Amino acid sequence: MTTTKHTKGSDSERKVLEHAHRGIQMLTEFRPKLMGKIQAFMAEAMLPGVLDKKEKERIALGMALTQQCHYCIGLHIRACKHAGVSLEEIMEVCSIGIMMGGGPVLTHMAEVERALNEFYLDDEGEEVK
């Protein structure tokens, strides 16, 4: 499948994720104990168990789509890349997310495309392995 790369919006996906990270850092400054517990829980939940890291990231991406969280979509697409999830697998997860969430999830494919441009695709729109 050939994917053409489209012009990115004014904010790159990396910049969007930096904004999210700064917001988390701000809350951590005010509530360090609480945020430590939340981050420990999240880290523990993503450790390999019956499901491996790749499976968990595919699930997390699907849930990010159905929750319509553009920060989470970018974060989990980046994590999917690190976990070895293919572009074809991403598209299948997106299809299931759209099946479950309908039109509102479909519109968040713009966020998926932006994250794919940042983390998966080269300047010609080809998947970087």
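The sequence shown begins at 1 in UniProt numbering and counts up one residue at a time. Glycine included, each C-beta is placed from N, C-alpha and C at the ideal position. Everything numeric in this text was worked out from a predicted model, so none of it was measured.
Near residue i, which residues of its chain fall below 6 Å by C-beta distance, leaving aside the five closest residues on each side in sequence?
{"i": "M46", "result": "K56"}
{"i": "R78", "result": "F119"}
Would DSSP call residue i helix, strand or coil?
{"i": "E127", "result": "strand"}
{"i": "L121", "result": "strand"}
{"i": "G102", "result": "coil"}
{"i": "R31", "result": "coil"}
{"i": "H108", "result": "coil"}
{"i": "V50", "result": "coil"}
{"i": "S12", "result": "coil"}
{"i": "S86", "result": "coil"}
{"i": "Q68", "result": "coil"}
Going by beta carbon distance, what residues of the same chain come within less than 8 Å of residue i, once the five residues before and after it are set aside?
{"i": "L106", "result": "I98"}
{"i": "S95", "result": "none"}
Taking the alpha-carbon positions, what's the residue i to residue j distance?
{"i": "E126", "j": "T28", "result": "38 Å"}
{"i": "H21", "j": "K15", "result": "10 Å"}
{"i": "D122", "j": "E13", "result": "15 Å"}
{"i": "G103", "j": "D52", "result": "30 Å"}
{"i": "I90", "j": "L61", "result": "8 Å"}
Go through its chain and collect everything with a Cβ distance to residue i's Cβ below 7 Å, but skip five positions before and after it.
{"i": "residue 142", "result": "The structure shown does not extend to residue 142, since the chain is modelled only from 1 to 129, so the question has no answer here."}
{"i": "A64", "result": "C72, I73, H76"}
- Is it true that the stretch 24 to 36 meets the stretch 62 to 73, where meeting means three or more beta-carbon pairs spaced less than 8 Å apart? no
- Message: Could you check whether the stretch 76 to 83 touches the stretch 38 to 45, counting it as contact only if at least three pairs of C-beta atoms, one from each stretch, sit closer than 8 Å?
- Response: no
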